[in-house]
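Q:
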Amino acid sequence: MSNSDVVLRHPTLEDGTAIFDLVDACKPLDLNSHYLYLLQCSHFASTCVVATLHGEPVAWVSGYVPPQQPNTFFVWQVAVGQKARGMGLGKQLIEWVVGQQQGITKIHTSITPDNEASWGLFKSLARRWGSDLTQADWFDSQAHFGGRHATEVLVEIPLPTTKE
Numbered sequence: 010m011s012n013s014d015v016v017l018r019h020p021t022l023e024d025g026t027a028i029f030d031l032v033d034a035c036k037p038l039d040l041n042s043h044y045l046y047l048l049q050c051s052h053f054a055s056t057c058v059v060a061t062l063h064g065e066p067v068a069w070v071s072g073y074v075p076p077q078q079p080n081t082f083f084v085w086q087v088a089v090g091q092k093a094r095g096m097g098l099g100k101q102l103i104e105w106v107v108g109q110q111q112g113i114t115k116i117h118t119s120i121t122p123d124n125e126a127s128w129g130l131f132k133s134l135a136r137r138w139g140s141d142l143t144q145a146d147w148f149d150s151q152a153h154f155g156g157r158h159a160t161e162v163l164v165e166i167p168l169p170t171t172k173e
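Counted the way the numbering used here counts, the sequence shown spans residues 10 to 173.
Here it is as structure tokens:
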């Protein structure tokens with residue numbers, strides 16, 4: 010399989026179940042409700058991207074523009090299935106969906122301290138863009154999650170003035 014076999018596009022409502030299954034297979038990602046993935050594939054489709062291989066979703070990025078931060082794109086979830094790993098799809102999908110937005114100058118995401126794959130992805134994006142990656146504790150394990158989830162660290166990366 011090569012990147013030329015992969016198609017990037019905004020999701021449709023019909024992708025919701027396959028995306029739910031994809032995320033479910035991509036531990037340690039938090040699996041959200043099936044209903045949420047249907048909302049992301051409909052109400053938030055313009056800020057999400059799915060990569061398909063022969064029509065099958067193999068990678069997914071969901072995100073949104075926070076209402077009070079119109080210059081920020083929040084990357085909510087990145088899932089790359091086993092069939093598509095090692096192709097750089099996580100970066101490709103983020104760059105593609107951010108490139109579809111207007112007026113975005115930075116991205117935010119949140120990552121648990123132990124999620125090495127996500128840290129690697131976002132540090133790699135910062136290097137690629139020649140940007141600094143800043144981080145700060147955001148949702149605290151005890152104060153916000155009642156001890157049921159690890160602390161989420163807020164990550165910010167400014168976008169380059171001109172994207173490659």
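Glycine included, every Cβ here is placed at the ideal spot set by N, Cα and C.
1) Hey, could you find the ends of the beta strand (DSSP E) V67 is sitting in?
2) Taking the C-alpha atoms as reference points, what is the distance between W69 and A152?
3) Does the distance from the CB of L163 to the CB of T118 come in under 9 Å?
4) Here's a check: name, in chain order, each residue in its chain whose Cβ is nearer than 8 Å to the Cβ of G156, leaving out the five neighbours to either side.
5) State the Cα-Cα distance for the pair T160 and W128, rounded to the nearest angstrom.
6) Give the C-beta separation of T56 and V74 to the nearest angstrom, bearing in mind that I take them to be a contact with Cβ-Cβ under 8 Å.
7) Between which residues of its own chain and S71 is the CB-CB distance below 6 Å, once the five residues before and five after are set aside?
8) State the CB to CB distance for the pair K100 and R136, rounded to an integer number of angstroms; the pair is presumed to be in contact (CB under 8 Å).
9) DSSP three-state label for L40, please.
10) Rounding to the nearest angstrom, what Cα-Cα distance links V89 and F154 in this structure?
11) What residues in its chain sit with their C-beta under 6 Å from that of K172, if we drop five residues either side in the sequence?
12) Go through its chain and collect everything with a Cβ distance to G25's Cβ below 6 Å, but skip five positions before and after it.
13) Can you name, in chain order, every residue of its own chain whose Cβ lies under 6 Å from the Cβ of V16, other than the five neighbours on each side?
14) Enumerate in chain order the residues of its own chain whose CB-to-CB distance from A27 is below 6 Å, with the five nearest sequence positions on each side excluded.
A: With the structure as the only source:
1) Residue numbering aside, residue 67 sits at position 58 when the sequence shown is read from its first letter. Residues 65–73.
2) Mapped onto the sequence shown, residue 69 falls at position 60. Mapped onto the sequence shown, residue 152 falls at position 143. Their Cα atoms are separated by approximately 30 Å.
3) Within the sequence shown, numbered from 1, the residue matching residue 163 stands at position 154. Within the sequence shown, numbered from 1, the residue matching residue 118 stands at position 109. Yes, these two residues count as a Cβ contact at 9 Å.
4) Here residue 156 refers to the residue found at position 147 when the sequence shown is read from its first residue. Contacts found: S150.
5) Reading the sequence shown from its first residue, position 151 is the one you call residue 160. Reading the sequence shown from its first residue, position 119 is the one you call residue 128. Cα to Cα, the separation comes out at about 14 Å.
6) Counted from its first residue, the sequence shown places residue 56 at position 47. Counted from its first residue, the sequence shown places residue 74 at position 65. Sure, about 6 Å apart at Cβ, within 8 Å.
7) On the sequence shown, residue 71 is found 62 positions in, with the first residue counted as 1. Counting only Cβ-Cβ distances below 6 Å, and skipping sequence neighbours, we find Q49, C57, W85, Q86.
8) Taking the sequence shown and counting its residues from 1, one reaches residue 100 at position 91. Taking the sequence shown and counting its residues from 1, one reaches residue 136 at position 127. No, K100 and R136 are not in contact; Cβ-Cβ is about 11 Å, not under 8 Å.
9) By 1-based counting over the sequence shown, the position of residue 40 is 31. Three-state result, L40: coil.
10) The residue given as residue 89 occupies position 80 in the sequence shown. The residue given as residue 154 occupies position 145 in the sequence shown. Near 26 Å, if we compare the C-alpha coordinates of F154 and V89.
11) Stepping through the sequence shown from its first residue, residue 172 is reached at position 163. Bear in mind that a pLDDT of 46 at K172, under 50, signals an unreliable position, so the model cannot answer this.
12) One-based indexing of the sequence shown puts residue 25 at position 16. Only Y46, L47, C50 meet the Cβ criterion.
13) The count along the sequence shown starts at 1 and reaches residue 16 at position 7. Cβ within range, chain order: T61.
14) The sequence position of residue 27 within the sequence shown is 18, counting from 1. Hits under 6 Å: P66.
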